[in-house]
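A quick write-up on the structure given underneath.
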Amino acid sequence: MTTTIPPANAWLAGGPPLLGVGALRPIEHDLAVALALVARRDRVAATRELRSIAGMRNLEAMLNALTRVEREGWGTRYPEMIKRWRPAISRWNVLLHLSAACRRAVGEAEYIADDQQIGLACALGRHGCFATEACALRVAANSLTRATLNK
Numbered sequence: 051m052t053t054t055i056p057p058a059n060a061w062l063a064g065g066p067p068l069l070g071v072g073a074l075r076p077i078e079h080d081l082a083v084a085l086a087l088v089a090r091r092d093r094v095a096a097t098r099e100l101r102s103i104a105g106m107r108n109l110e111a112m113l114n115a116l117t118r119v120e121r122e123g124w125g126t127r128y129p130e131m132i133k134r135w136r137p138a139i140s141r142w143n144v145l146l147h148l149s150a151a152c153r154r155a156v157g158e159a160e161y162i163a164d165d166q167q168i169g170l171a172c173a174l175g176r177h178g179c180f181a182t183e184a185c186a187l188r189v190a191a192n193s194l195t196r197a198t199l200n201k
């Protein structure tokens, strides 16, 4: 199986994340993104509804519960929240069968990837867009070397 590495600046243009296509975000991240779209006065109730869905361990039950929540008025008040939540639930199907420790590891890997993307954004600011993947990898390798030597 061959893995294709996206260009280093692909994520800036809406391309795949640096971890590659299909990188998994933790459920908590998706919850935070969805709740950011909800007015403060409704956030506690929305959190309760979405956390109850996120706590289910069956994809079909999650989708049915989201449809129920959408019909109860959340879909008309916050259609963008529902629109973002539905694909997130489908993406979690892989996570649902993992142990709690594995789900935590996915979350930690995502936070590390976020830090790397911030570092890459700084590098893009300093060096401009990378002409090739090799150039991006060279900058990353140099950064890792400097970090290792400074320890």
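For the sequence shown, our numbering gives the first residue as 51, with consecutive numbering after it. Every residue, glycine too, gets a C-beta built ideally from N, C-alpha and C.
Ranked by how close their Cα comes to the Cα of I168, the residues S149, A190, A151 have A190 in first place.
With contact defined as three or more Cβ pairs closer than 8 Å, the region 150-159 and the region 103-120 are not in contact. Of all C-beta pairs linking the region 119-138 to the region 86-93, three or more are shorter than 8 Å, placing the two stretches in contact. The residues L146, in chain order, have a CB closer than 6 Å to that of R107 in the same chain once the five nearest residues on each side in sequence are set aside.
In the displayed model, R136 falls within a helix according to three-state DSSP. If you draw a straight line from the Cα of D80 to the Cα of G125, it comes to about 17 Å.
By a beta-carbon distance limit of 8 Å, A82 does not contact L100. Their separation comes to about 10 Å. For E122, no alpha helix (DSSP H) segment is defined, and its DSSP state is neither H nor E. For the pair L109 and I77, the Cα-to-Cα distance works out to about 13 Å.
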